[in-house]
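For reference, the structure is listed below as structure tokens.
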Amino acid sequence: CSEWPYWDHHIPLPKLGPLYSRLVTAFVALICFINSYDGDFVFDDSEAIINNKDLNPDTPLSNIWKNDFWGSNLSSNSSHKSYRPLTVLTFRINYLLAGGLHPIGFHVLNVALHCVISVLMIDVFAILIGGLVHNGREAKLSLSPKASFLAALFFAAHPVHTESVAGIVGRADLLCALFFQLSFLVYCKAFQGGDKKFSVLWIFGSILLCAVAMLCKEQGITVLGVNAAYDILMVWCHSLDPNNLWIDLYFFFFTQIGGLVRSGLLMRLALLFLGGSFLLYARWRIMGTGPPSFTEVDNPASFAENVILRIVNYNYYYSLNAWLLLCPWWLCFDWSMGCVPLIKSATDWRIFWPLLLWCCLMGLVYQALCSQDSNKRRTLTFGLVLLVIPFLPASNLFFRVGFVIAERVLYLSSAGYCLILAYAVGYCSCHWKKHKVCATTLTLLCVNVARSAQRSQQWRSEQSLFASALSVCPLNAKVHYNVGKNLADRGNQSAAVKYYREAVRLHPKYVHAMNNLGNILKERNELKEAEELLSAAVHIQPDFAAAWMNLGIVQNSLKKFDEAEQSYWNAIRFRKKYPDCYYNLGRLYADLNRSIDALNAWRNATMLKPDHSLAWNNMVILLDNTGNLAQAELIGKEALKILPKDHTIMFSLANVLGKQEKYKESEGFFLNALKINPNIASCHGNLAVLYHRWGKLDLAKRHYELSLRLDPSAPGTKENYNMLKRKLEQRQRTVG
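Rendered as structure tokens:
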């Protein structure tokens with residue numbers, strides 16, 4: 001089924017050959033997002049990439065098939081159940097090629113993928129607008145070179161794609177879109193012999209590519225719906241009279257079943273249905289414990305008790321998504337936590353927007369079904385198919401999703417919008433002055449390119465990304481939390497406190513903001529308020545292990561030892577493998593002179609985290625202070641087998657060996673520690689004491705002087721140095 005779209009040649013674009021149109025599209029996609037190539041890891045990248053052990057080549061490759069996108073086991077109740085092993089595999093390959101976590105390679109691949117997808121959109125749009133046409137050599141021809149080129153340009157430059165391209169986690173959307181396109185194009189290959197001849201192998205290939213898309217992101221399953229819609233419309237394209245549409249539909253279904261069977265449509269739809277059902281069943285089995293659980297702050301509308309309110313707010317969300325496609329100026333990395341207040345009353349003026357959305361959609365549907373212009377019907381129908389079907393998994397219709405609005409889920413749906421927009425340009429070119437349409441189209445493209453480049457620049461660092469959200473979502477507690485966290489990470493704790501307080505004010509049950517604010521107040525010695533905040537956090541969320549541990553640290557500082565001990569044990573009860581908590585518990589026991597308990601706690605910390613330097617060092621120091629020098633030596637040497645370049649453990653072990661008069665061995669550890677960090681005043685000072693006791697007075701003098709140069713107020717060093725000078729003077733007088 002194919003038809004030449006008469007409006008194509010009216011579009012105000014030069015008619016380029018296939019190669020040049022692809023090069024221009026790739027170039028536009030590149031200039032929109034190229035400035036993100038050397039950006040940092042931002043926002044969700046920290047969890048999906050930096051903290052994801054599945055990227056490390058030392059982790060078994062099989063783990064990516066057992067864990068979710070974030071590296072958590074799929075059977076865990078805390079897992080988001082986002083199963084995207086092929087996306088994680090590409091992250092792992094990036095890690096391997098770069099020799100570590102270097103973001104440039106990750107960003108470059110994302111930009112390259114967007115360029116490839118934008119180029120492939122030319123073929124997708126050409127088929128959807130003009131249908132399948134082959135010459136005698138089975139080469140594919142495009143009946144809509146200008147329209148498909150313009151729609152691809154709109155897609156390449158759309159600013160809503162920034163999150164998917166500039167954010168490395170958006171790799172999932174890019175890979176899913178790529179295999180979505182390939183699945184559709186392969187499905188179309190099945191009909192290259194004509195409408196009544198098709199290849200089952202190509203259909204199976206399309207279903208296989210759909211499975212690959214699903215292994216990149218769950219949204220990939222929707223390509224089967226697009227394939228089915230295309231198949232049905234191909235069969236109908238010569239059979240339906242727009243003036244008698246509903247009569248023809250009745251006639252087609254109830255009097256031409258035999259024709260349906262002979263054409264193979266029922267068989268193809270059955271294959272798509274069975275393939276999709278199998279993929280959904282496999283996906284459900286992989287989730288293990290069932291669907292993920294989300295909280296009210298993630299998606300407040302889905303927790304509304306009144307069904308009517310729930311439906312109204314869902315539709316309001318749809319209208320906001322539509323607005324982001326139409327006017328992508330207000331973009332935000334996160335739309336949760338009060339960014340979009342719920343509609344709770346019929347008098348809320350925002351109800352107008354869902355009504356306007358449905359009026360526009362109904363108008364488009366009417367034109368797509370009832371217009372006498374077959375070109376318009378075809379283009380608008382496929383525009384709506386591409387707009388709606390890929391969005392369905394994010395619509396809350398089938399299951400609760402964990403977000404209010406997510407710009408990344410519009411990556412595929414925007415293709416439908418771009419197709420409708422390209423038709424609108426073609427239609428206006430036929431009825432309006434061409435130079436005005438040309439100027440408007442060019443302006444729109446330039447504005448989109450500029451906005452994409454600007455937004456891409458904002459995604460280069462967390463500082464600029466989070467700051468950009470303050471003007472878009474000032475009521476979003478998570479935005480203030482992330483701004484505060486970024487400031488705290490950069491050492492500006494005073495400014496961070498302001499944003500953490502605002503996050504707690506906007507969302508009084510925001511336990512993570514309470515925990516981080518409590519930590520800063522603890523470091524500023526504002527212990528009473530820190531205790532109140534952390535106590536409130538664990539009251540709101542009793543299984544918040546980190547808050548329990550931090551509460552224990554504050555209570556320890558306030559000399560509330562019994563409460564501190566209980567808080568530490570609560571933290572361990574809720575997070576059994578918690579080495580940092582065992583370390584802090586050991587410090588509490590050491591303060592209470594419960595040496596055995598302290599050693600046991602620190603030993604647990606090193607068993608859970610063998611490279612826990614502080615726990616190892618504290619064990620050596622405690623054994624040294626209690627006179628267990630032989631055991632301290634054994635622990636220190638055991639620690640250095642795991643941490644051979646840890647200068648703090650070398651320093652503590654050298655002190656132990658010096659007390660045992662193992663001067664040569666002690667000297668070696670002191671010198672090794674100084675090779676790693678030559679500016680440790682205490683290390684120079686203790687090495688000087690060792691030489692002093694060993695009788696190497698000149699070396700002792702040298703290291704005393706180095707220690708005092710680094711730290712003139714080092715305790716005891718000046719006195720020891722003066723004693724040594726008197727001793728050297730006496731020796732000199734004796735020699736004289």
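For the sequence shown, the UniProt record's numbering assigns the number 1 to the initial residue and increments by one for each residue that follows. Just so you know, even glycine gets a beta-carbon here, dropped at the ideal spot from N, CA and C.
Alpha helix (DSSP H) runs contained entirely in the UniProt repeat "TPR" (579-612), provided each spans 4 or more residues: Those alpha helix (DSSP H) runs which fall completely within the UniProt repeat "TPR" (579-612) and span 4+ residues are 579-591 and 595-608.
Three-state secondary structure assigned by DSSP to Gly552: Secondary structure at Gly552: helix, using DSSP grouped into helix, strand and coil.
Leu699 and Phe670 closer than 8 angstroms at C-beta: Judged by their CB atoms, Leu699 and Phe670 are not nearer to each other than the 8 angstroms cut-off.
Where Asn396 sits in the DSSP three-state scheme: The three-state secondary structure of Asn396, taken from DSSP, is coil.
Segment contact, 8 angstroms Cβ cut-off, at least three pairs: the segment 581-588 with the segment 535-555: The segment 581-588 is in contact with the segment 535-555.
Member of Met214, Ser72, Ser345 and Ile572 whose CA lies at the smallest distance from the CA of Leu280: Nearest of Met214, Ser72, Ser345 and Ile572 to Leu280, Cα basis: Met214.
Continuous alpha helix (DSSP H) stretch holding Cys683: start and end: Per DSSP, Cys683 belongs to the alpha helix (DSSP H) from Ala681 to Trp694.
Outcome for Met723 when other beta-carbon atoms lying within 10 angstroms are tallied against a minimum of 16: Result: exposed.
Where Asp54 falls, given that 16 or more other Cβ within 10 Å makes a residue buried: Only buried fits Asp54, as 16 or more other CB atoms lie within 10 angstroms of its CB.
Nearest residue (CA-CA) to Leu369, options Arg733, Leu357, Val385 and Phe198: Residue nearest to Leu369 within the set Arg733, Leu357, Val385 and Phe198 is Val385 (criterion: CA-CA distance).
Buried versus exposed call for Asp123 [16 or more other C-beta atoms within 10 Å across all chains shown]: That one is buried.
8 angstroms CB neighbourhood of Pro343 in its chain, flanking five on each side removed: Reading off the sequence, residue 343 comes out as Ile, not Pro. Sequence-distant partners of Ile343 (beyond 5 residues in either direction) whose C-beta falls short of 8 angstroms from its own C-beta, in its chain, are Leu309, Val312, Asn313, Tyr316, Arg350 and Ile351.
DSSP state of Asn482 mapped onto helix, strand, coil: Shown here, Asn482 sits in a helix according to DSSP, grouped into three states.
The segment 171-189 in contact with the segment 461-480 per 3-pair CB rule at 8 angstroms: The segment 171-189 is not in contact with the segment 461-480.
Rounded C-alpha distance that separates Phe574 from Leu653: So the alpha carbons of these two residues sit roughly 35 angstroms apart.
Meets three-Cβ-pair contact criterion under 8 angstroms: the segment 99-106 and the segment 155-165: Segment contact: the segment 99-106 against the segment 155-165, fewer than three CB-CB distances shorter than 8 angstroms; contact not assigned.
Sufficient close CB pairs (3 or more, under 8 angstroms) joining the segment 108-127 to the segment 198-215: With the cut-off at 8 angstroms, the segment 108-127 and the segment 198-215 do not touch.
Exposed unless 16 or more other CB atoms sit within 10 angstroms - verdict on Glu719: By the 16-neighbour rule on beta-carbons within 10 angstroms, Glu719 is exposed.
Three-way DSSP call (helix, strand, coil) for Leu131 in this model: With the sequence shown as reference, residue 131 is identified as Gly, and Leu is not the correct amino acid for it. Here DSSP, grouped into helix, strand and coil, assigns Gly131 to strand.
Three-state secondary structure (DSSP) of Asn73: When secondary structure is reduced to three states using DSSP, Asn73 falls in the strand class.
Run of the alpha helix (DSSP H) containing Tyr510, from where it starts to where it stops: In the DSSP annotation of this structure, Tyr510 is not part of any alpha helix (DSSP H), being labelled neither H nor E.
Euclidean distance between Cα positions of Phe403 and Val483: Those two C-alpha atoms are separated by around 20 angstroms.
Buried or exposed (CB count within 10 angstroms, at least 16 for buried), Trp246: Bear in mind that a pLDDT of 49 at Trp246, under 50, signals an unreliable position, so the number given afterwards is only what the model happens to contain. Trp246 should be labelled exposed.
Which of helix, strand or coil DSSP assigns to Gly136: Low confidence applies here, because Gly136 scores a pLDDT of 49, under 50, leaving its location unreliable and the question unanswered by this model.
Same chain, Cβ closer than 8 angstroms to Asp624, neighbours up to 5 away in sequence not counted: Counting only Cβ-Cβ distances below 8 angstroms, and skipping sequence neighbours, we find Ala632, Ser652, Asn655, Val656 and Lys659.
Helix, strand or coil at Asn525 according to DSSP, with G and I counted as helix: It is coil, neither helix nor strand.
With 16 other Cβ atoms within 10 Å as the buried cut-off, status of Pro12: Flag for Pro12 reads buried.
Per DSSP, the bridge partner or partners of Asn67: Under DSSP, Asn67 takes part in a beta bridge, and its partners are Asn73.
Inside the segment 296-336 only - alpha helix (DSSP H) runs reaching at least 4 residues: Qualifying alpha helix (DSSP H) stretches, in chain order: 307-326.
Bounding residues of the alpha helix (DSSP H) (the contiguous stretch that carries Gln458): Where Gln458 is concerned, the enclosing alpha helix (DSSP H) stretches over Lys434 to Gln458.
Cut-off 8 angstroms between Cβ atoms - residues of its own chain near Leu392, not counting five sequence neighbours on either side: Sequence-distant partners of Leu392 (beyond 5 residues in either direction) whose C-beta falls short of 8 angstroms from its own C-beta, in its chain, are Thr222, Gly225 and Phe398.
Anticipated Cβ contact below 8 angstroms, Ser464 with Gln458, distance rounded: That pair is a contact at about 5 angstroms.
Test item: CB-CB of Ala469 and Cys332 under 8 angstroms: Their beta carbons are under 8 angstroms apart, which means Ala469 touches Cys332 by this criterion.
Beta-carbon separation (whole angstroms), Ala714 vs Ser666, contact threshold 8 angstroms: With 8 angstroms as the limit, Ala714 and Ser666 do not qualify as a contact, their Cβ atoms being about 19 angstroms apart.
Three-way DSSP call (helix, strand, coil) for Lys718 in this model: In this structure, Lys718 counts as helix in the three-state DSSP scheme.
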